Amino acid sequence: MSDLSGETPEAPEPTPEGTIPSVAARLALYQRAGGFIVPLITTVFAFFIGGLVVLVVTHKNPISTYKAIFNGTGLNWFFPWISHSERVTAAFNLQATLILTTALILTGLAVAFAFRCGLFNIGGQGQYNLGAIVAVLVASSWTGMPGVPHILLSIVLGALAGALLAGFAGLLKATVGAHEVITTIMLNWIVFWLAGYLFGIGGPAQSSTQASVPVSNEIAPNTHLHVFWGNPILQGLHIGFFIAIGALVAYWIILNRTTLGFEVRAVGFNPEAARYAGISVAKNYFLAMAIAGVCAGLAGAIDVLGWKFRVGVDDVQGSSIGFIGIAVALLGRNTAVGVFFSALLFGALVNGTSTRNLDPNIFQPELASNLTLMIQGLVLLFVGADVIVIYFWRTRGKLAFWRRSEPAG
Amino acid sequence: MNARAETRFGNGWVRFGQPRSIGMLGIGLGLLAFWLALPPLATRTVLWPIFVGILAVGAGIAATSRGAGRVGWGAIAAGLAGIAFGALATRSSLGHLNTVVVWSALLASTLRYATPLTFAAIGGMFSERSGVVNIGLEGDMLMGSFFGIYGADITGSWFLGLLIAILSGMLLALIHAFFCINLRADQIVIGTAINFLALGVTGYLFVSHYGANGAPTSIPVIPDITFNWLQNVYFIGPIFGGLNLMIWLSFLLVILSYIVMFRTPIGLRIRSVGEHPRAADTVGISVYATRYAGVVTSGGLAAMGGAYLSLGFVHTFDQNITGGRGFIALAALIFGKWRPFGAFAACLLFGFSSALGDRLPDYFSQGSSVPVIFNALPYVLTLIAVAGVVGRSIPPAAIGRPYVKQ
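Those protein sequences? They're chains A and B, same order as listed. Quick note: the first sequence, position 332, residue 332 per our numbering, numbers continuous. Quick note: the second sequence, position 306, residue 715 per our numbering, numbers continuous.
Take a look at the structure:
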């Protein structure tokens, strides 16, 4: 046996020689290899290295830098001892963090769902952008429509647009075997330039009131999502947060309690075995990608209706919410609970390092946002190296069963 | 069996009637339909593109019905596109066409756009042929771009800058290799991580060293090679007369990499490790060492491409300057079926679409955002390519699979 899993007797899926252990199979192994401890260690380690970079390259104190970032996230709202004025600021920051978390949960799910089917959806960014583009087009036209159906229409069409884009990649994978990593990346760039065409100066959907700004029209005022915490004018937390939570629950139910979820996971573990069992691999590739696209498209639509209210070319071309979704899914190990917490972590990180929230006297926000990227890369690097995890897992096994005979690895 | 053997080993006339050849002819005719409407011929009547385009579609249908489906559909698509674009071109004013379609300038620009891709794609070949998927090419290029500028800035020499760029790409690739080979991590996840890391590291260093002012403008750049005797030669002169040193190096690299990969024992070793690592290990080839060498070489070459981009082409650096070129290089590699000349041809195609996208704004009136959409052309082409109009590419058999020594 040439594979990793073939080596260890406890491995869930002894993979036959000649087939690639699918991503999902590896993650399942990973899943069993320890609780929340490993992702936690991974995160701490990534932050530690990030801190070293801060210290070595910029000669700043990493602890005070991280403290400033932490205060920018608003998570200190949960501390009972802070003063009233601090609490007001913290609440404001926390709302911004949770708005980002909302989008990250959904883009994280977009990556996670495809992962469970053995597909790597790097196209979350394009699907998110297309969802936002379609939602802003729908919500800014037909202004006579009543609010609630207009909101629903925008969100549904935005999600569908994401589903179409991702589903196209799934279809190509299913029919001609085009690698989804390449196709989704290409689709990302196509959407990127599509936004430049639509909302650029002189573009067909560019703002009718500001001729010199590359931005879309404002969405109709009655399509704004209801803000339930904070000031609606200062970007309070909107009800889209509950849509994201609902999506997490739906994700768990679909994967673990439906035939579709069973088939998706079966294909993810081993496409060949699934095919022998009579499961259509092609259909599941398409469906898994389409559902992933729904999540990412939903994120784009909710962001537009919840707090952006318009889409600028810069918004689309500078956005990285979809890419952060990859790190969210991998760190959250593609489980509903894990995705929630890692979305919170990255939402906090992005918000805490934003120009608005980070005190430039302590640390330059432009540097900090690159630090965020670095930490993401490190998290992915360590999460991807599941051998480390398996090593931990084996050690745990040894501790539990004392001198259990194991083949030398 | 006999007929097959015949088509395989010579007898060109038998080959000529094959459905695949008919399909290829159709694709050629489709391109011709468009070309007729462009300078220097620039036919003004729409009939010629339609006539040739219909011939292309006919050839496509003939090929499809004879069993060469993929090529046939490609020919039909090329024919229809040829008619559409040809008709479009006959409708536009000759002046517009002449400013956009200056073939020699377009081709020189194609080479400039293709070179970063060529370096990265050839680099990717060394990694992928040894069995390691290299999504991290983008990150390697980005490292090369930044450290090329940074190195040239601090040492005051473009050559040392280039050297530092190559070393930086190799260093990143070394991390990549360690995680993929020793830790046997999922290669696609690690490649993505490498890209994030490079984006963060180069962005961080760029901001901390150059801040808001951007990269300095007085950096020694990689020189162009000017051939005075060539410059006045018709058509060839404007293309090859003043190319950058790195472009010539990229030509050399393609030839050299072909020889190394397919005509030397080293190449045989790399390929055998990528196809069947167990067998290679059995005959005494070190799988780990070969893969390390492959990944690190790819990092160095991709970084050279990145350094050309910053030091030889745009002469500056900005955050995420590569803007997805690493991924296009990867697509070119797949398009070119993991072969040097195939990958180079694909890079030229992508370079051409970039060059065209660059010049097309002249075609449209001021204040129109239509030219923007042509920036998506390389990506659409890649999609079509990957979707298999040119036939399925078969990757090295052991690609993406970590190897465990026994």
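Virtual Cβ for every residue (Gly too), placed ideally from N, Cα, C. Treat the numbers as computed from the prediction; the structure is a model and nothing was measured.
Test item: CB-CB of residue i and residue j under 8 Å
i: Val-313 (chain A); j: Gly-196 (chain A); result: yes
i: Leu-718 (chain B); j: Ser-518 (chain B); result: no
i: Ile-105 (chain A); j: Phe-346 (chain A); result: no
i: Ile-675 (chain B); j: Gly-703 (chain B); result: no
i: Ala-472 (chain B); j: Gly-432 (chain B); result: yes
i: Leu-175 (chain A); j: Ala-282 (chain A); result: As written in the sequence, residue 175 (chain A) is Thr, which differs from the Leu given in the question. For Thr-175 (chain A) and Ala-282 (chain A), yes; Cβs fall inside 8 Å.
i: Ile-243 (chain A); j: Ile-151 (chain A); result: no
i: Ala-46 (chain A); j: Gly-325 (chain A); result: no
i: Ala-523 (chain B); j: Phe-671 (chain B); result: no
i: Pro-804 (chain B); j: Glu-547 (chain B); result: no
i: Ile-122 (chain A); j: Val-53 (chain A); result: no
i: Gly-820 (chain B); j: Gly-481 (chain B); result: Residue 820 (chain B) cannot be examined here, being either before or after the span of chain B that is shown, 410 to 815.
i: Phe-542 (chain B); j: Gly-600 (chain B); result: For the record, residue 542 (chain B) in the displayed sequence is Val; it is not Phe. Yes.
i: Leu-165 (chain A); j: Ala-796 (chain B); result: no
i: Ala-785 (chain B); j: Trp-189 (chain A); result: yes
i: Val-136 (chain A); j: Leu-157 (chain A); result: no
i: Ala-266 (chain A); j: Ile-279 (chain A); result: yes
i: Gly-193 (chain A); j: Val-779 (chain B); result: First, the residue type needs correcting, since residue 193 (chain A) is Trp and not Gly in the sequence shown. Not in contact: Trp-193 (chain A) and Val-779 (chain B) (Cβ atoms no closer than 8 Å).
i: Ile-694 (chain B); j: Val-705 (chain B); result: no
i: Arg-700 (chain B); j: Met-550 (chain B); result: no
i: Gly-560 (chain B); j: Ala-574 (chain B); result: yes
Chain-order list of residues whose beta-carbon lies under 8 Å from that of residue i (same chain, five-residue window excluded)
i: Pro-625 (chain B); result: Asp-562, Tyr-619
i: Asn-591 (chain B); result: Tyr-697
i: Ser-208 (chain A); result: Asn-217
Cβ neighbours of residue i in the same chain (closer than 6 Å, five flanking residues each side left out)
i: Ala-794 (chain B); result: Phe-744
i: Val-191 (chain A); result: Gly-126, Asn-129, Leu-130
i: Phe-753 (chain B); result: Thr-527, Val-663
i: Ile-648 (chain B); result: Ser-513, Leu-516, Ala-517
i: Asp-633 (chain B); result: Gly-651, Asn-653
i: His-724 (chain B); result: Val-630
i: Ala-90 (chain A); result: Gly-74, Asn-76, Trp-77
i: Gln-376 (chain A); result: Ala-327
i: Pro-428 (chain B); result: Ala-472, Arg-475, Gly-476, Ala-477
i: Phe-783 (chain B); result: Gly-766, Leu-769
i: Leu-378 (chain A); result: Ala-46, Ile-49
In DSSP terms, what residue i is bridged to
i: Asp-549 (chain B); result: Answer is none; Asp-549 (chain B) lacks a bridge partner.
i: His-238 (chain A); result: A:Val-227
i: Asn-653 (chain B); result: B:Asp-633
i: Val-215 (chain A); result: A:Gly-312
Proximal residues to residue i (C-beta, below 7 Å), its chain only, five neighbours per side dropped
i: Pro-204 (chain A); result: Leu-198
i: Leu-237 (chain A); result: Gln-95, Leu-98, Ile-99, Val-227, Phe-228, Trp-229, Gly-230
i: Ile-254 (chain A); result: Leu-260, Gly-261
i: Phe-113 (chain A); result: Tyr-251, Ala-288, Ile-291, Ala-292, Cys-295
i: Pro-365 (chain A); result: Thr-353, Ser-354, Thr-355, Leu-358
i: Asn-334 (chain A); result: Leu-27, Ala-112, Phe-115, Arg-116
Boundaries (first-last residue) of the beta strand (DSSP E) holding residue i
i: Val-227 (chain A); result: 227 to 229
Delimiting residues of the alpha helix (DSSP H) encompassing residue i
i: Thr-102 (chain A); result: 84 to 116
i: Ala-211 (chain A); result: First-last for Ala-211 (chain A): undefined, no H or E at that position.
i: Ile-151 (chain A); result: 147 to 175
i: Phe-309 (chain A); result: That residue, Phe-309 (chain A), is in no alpha helix (DSSP H); it is neither H nor E in DSSP.
i: Arg-680 (chain B); result: 674 to 684
i: His-618 (chain B); result: 596 to 619
i: Glu-272 (chain A); result: 271 to 276
i: Lys-283 (chain A); result: 281 to 303
i: Lys-67 (chain A); result: 62 to 73
i: Val-813 (chain B); result: Looking at the DSSP string, Val-813 (chain B) is not in any alpha helix (DSSP H), and its letter there is neither H nor E.
i: Phe-363 (chain A); result: Note, Phe-363 (chain A): premise wrong, no alpha helix (DSSP H); not H, not E.
i: Arg-429 (chain B); result: 428 to 445
i: Gln-125 (chain A); result: 124 to 140
i: Tyr-522 (chain B); result: 512 to 538
C-beta neighbour in chain C for residue i, strict 8 Å
i: Tyr-285 (chain A); result: The displayed structure is made up of protein chains A and B, and chain C is not among them.
*Looking at chain A, which residues of the segment 716 to 739 of chain B have a Cβ within less than 9 Å of any of its Cβ atoms?*
Gln-728, Gly-732, Gly-733, Phe-736, Ile-737, Leu-739
_At a CB distance below 8 Å, what residues from the segment 556 to 571 of chain B approach chain A? Give them in sequence order._
none
*Taking any Cβ of chain A, which residues in the segment 689 to 714 of chain B have a Cβ under 9 Å from it, in chain order?*
none
*If you measure beta-carbon to beta-carbon, which residues of the segment 463 to 492 of chain B are closer than 8 Å to chain A?*
none
_Under 8 Å (Cβ pairs) to chain B, residues found in the segment 105 to 137 of chain A_ = Phe-120, Ile-122
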